[in-house]
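Taking the UniProt record's numbering, the leading residue of the sequence shown gets 1, the next gets one more, and so forth.
Beta carbons: idealized from backbone N, C-alpha and C, even for Gly.
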Amino acid sequence: MAAVPPMDPYDLLRASLNPDGTLNRSNLLRLLPPGGAASSTAAAAVAVEKVPLNPSHGTHLWIFLPGCDPAAPPLPVVFYVPGGGFIIFNAEIGPFLSSCRRFAGELPAVVVALQHRLAPEHRLPAAHDDAVAALLWLRHQAAAAADQAAPPPWLSGRRADFSRCFLLGSSSGGNIVYHALHRLLAEGEEDLRPLEIRGVVFNEPFFGGAARTPSETSTDLPINDLLWELALPEGTDRDHPFCNPLLRHHHWRRRRWLPRCLIRCYLGDPLIDRLRALAAELRHQAAKLVTLFDADGFHGIELYDPSKFQSLIDDLKLFISSSSSSSPPPPAAAAAAAAEEEEEKEHASGGRF
């Protein structure tokens, strides 16, 4: 029997590399499902604004504002970095915009989504730099909101509670959130006050390493390898800290520099072994850790399965409510808090918190 020829990752991505080193992305939208996350009544009432972050870099923030009710209490702020392997998708793509509308309307929350620079035209740490800049922008907005005489104009009469800020990163966005926070909170590049980060959600975060884990060897990973080849600094391999931070960050075990964290993943994701290792490490570095490893699913399933996207919203809602309140947590959250100190548990579909 003839050997099966190796798969060309560029063909799988429907992309091609131009002679000047830029990426032809013209066919990449075919990788996404039509329409994205189903809409809802709450999502339909969400207003959207696009705010420049760094015009010289072409970066923007997409702001999603739920329907305005002057009598409602201030809403938490969710800073969101979508996935896309650092190179292909961004917050302006239709399915991600639809997802953000639902996050804003159904959590509810003021959602600020980052449109960062893409590799290989802008290799890492460009996206990490953009996330740091976005969080510093949010810090400035928090300071402006504290000045009642000059609230941020983009709020348009809504009230945002900058003392309840949550970070959400999906896939490569989880990597970007991790490294931005490491610079700001662990290494102390900048003080984020009066912005207060209450919790971080790593949804199927994208990490790697030069040596395969058992879950990675169970399937071919030509696309993952290509993503890292195009995103990492030239001349480095997958053990670079941007890809495999656990090799270098053990010394941060000396103190808990992260707030409460949630790691979500599926057992059908080839990254599951790496995320188990990440969870083991974050138990030393986060104030609290919740892990939700669902038995039924694969990487990025929320884009294709409406029930999985609804589970993501439900998990976010509970995580935000249990991280925001100073009062005793509800029974479900209390049970989750007790479980955080134990070894990670794998949750079957539907077993949330």
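Enclosing alpha helix (DSSP H) for I100 [first to last residue]:
Mapped onto the sequence shown, residue 100 falls at position 100. Checking the sequence, you will find Cys at residue 100 rather than Ile. Counting along the chain, the unbroken alpha helix (DSSP H) around C100 starts and ends at G94 to E106.
Can you tell me where the alpha helix (DSSP H) with V132 in it begins and where it stops?
Stepping through the sequence shown from its first residue, residue 132 is reached at position 132. For V132, the enclosing alpha helix (DSSP H) starts and ends at A126 to A146.
A145 versus P70: straight-line alpha-carbon distance, rounded:
Counting from 1 along the sequence shown, the entry for residue 145 is found at position 145. Counting from 1 along the sequence shown, the entry for residue 70 is found at position 70. Taking the straight line from one Cα to the other gives about 16 Å.
Residue of S324, H179, R102 and E121 minimising C-alpha distance to C243:
Counting from 1 along the sequence shown, the entry for residue 243 is found at position 243. Looking at the Cα atoms, H179 is the closest of the given residues.
DSSP three-state assignment for H182, whether helix, strand or coil:
Numbered from its first residue, the sequence shown carries residue 182 at position 182. Under the three-state reduction of DSSP, H182 is assigned to helix.
Along the chain, where does the alpha helix (DSSP H) that runs through N224 open and close?
Translated into positions along the sequence shown, residue 224 becomes position 224. N224 -> alpha helix (DSSP H) spans P222 to A231.
Rounding to the nearest angstrom, what Cα-Cα distance links P125 and P233 in this structure?
The sequence position of residue 125 within the sequence shown is 125, counting from 1. The sequence position of residue 233 within the sequence shown is 233, counting from 1. Between P125 and P233, the C-alpha separation is close to 8 Å.
Is the number of C-beta pairs between the segment 185 to 205 and the segment 156 to 172 that are closer than 8 Å three or more?
Pairwise C-beta distances place the segment 185 to 205 in contact with the segment 156 to 172, as three or more of them are shorter than 8 Å.
Do E302 and L292 count as a contact pair if the criterion is CB distance below 8 Å?
Counted from its first residue, the sequence shown places residue 292 at position 292. Counted from its first residue, the sequence shown places residue 302 at position 302. Going by C-beta atoms, L292 is not nearer than 8 Å to E302.
Run through the DSSP bridge pairs and tell me what Q115 is partnered with.
Position 115 of the sequence shown holds residue 115. Its beta-bridge partners are H60.
Go to Y266, then tell me how far its beta strand (DSSP E) extends in each direction, as first and last residue.
In the sequence shown, residue 266 corresponds to position 266, counting from 1. Y266: member of the beta strand (DSSP E) spanning R260 to Y266, first to last residue.
Tell me, please, which residues DSSP counts as bridged to Y80.
Here residue 80 is taken as the residue at index 80 of the sequence shown, counted from 1. Answer is A113 and L168.
I need the DSSP call for G297, collapsed to helix, strand or coil.
The residue labelled residue 297 in the question sits at position 297 within the sequence shown. Reduced to three states, the DSSP call for G297 is coil.
Three-state class that DSSP yields for D315 in the structure shown
Walking along the sequence shown from the start, residue 315 turns up at place 315. Reduced to three states, the DSSP call for D315 is helix.
Check whether the Cβ atoms of residue 381 and V110 sit closer than 8 Å, and answer yes or no.
Any answer about residue 381 is impossible in this case: the structure gives the chain only from 1 up to 353.
If we ignore side chains and look at the alpha-carbon of each, how far apart do F298 and G85 end up?
Within the sequence shown, the letter at position 298 stands for residue 298. Within the sequence shown, the letter at position 85 stands for residue 85. As the crow flies, the alpha-carbon of F298 is around 16 Å from that of G85.
Buried or exposed (CB count within 10 angstroms, at least 16 for buried), L12
Residue numbering aside, residue 12 sits at position 12 when the sequence shown is read from its first letter. Only exposed fits L12, as fewer than 16 other CB atoms lie within 10 angstroms of its CB.
Through-space distance from D147 to S172, alpha-carbon basis
On the sequence shown, residue 172 is found 172 positions in, with the first residue counted as 1. On the sequence shown, residue 147 is found 147 positions in, with the first residue counted as 1. Between S172 and D147, the C-alpha separation is close to 35 Å.
Taking only three categories from DSSP, how would you classify E49?
Working through the sequence shown from its first residue, we reach residue 49 at position 49. In the three-state DSSP reduction, E49 falls in the strand class (E or B).
Proximity of A104 and F64 at Cβ, strictly below 8 Å:
As a working mapping, residue 104 is identified with position 104 in the sequence shown. As a working mapping, residue 64 is identified with position 64 in the sequence shown. A contact, by the Cβ cut-off of 8 Å.
Please report the Cβ distance between R164 and R198, rounded to the nearest whole angstrom; I am assuming they are in contact, meaning their Cβ atoms lie under 8 Å.
To locate residue 164, count along the sequence shown from 1; it is residue 164. To locate residue 198, count along the sequence shown from 1; it is residue 198. Between R198 and R164 the Cβ distance is about 5 Å, and since that is below 8 Å, they are a contact.
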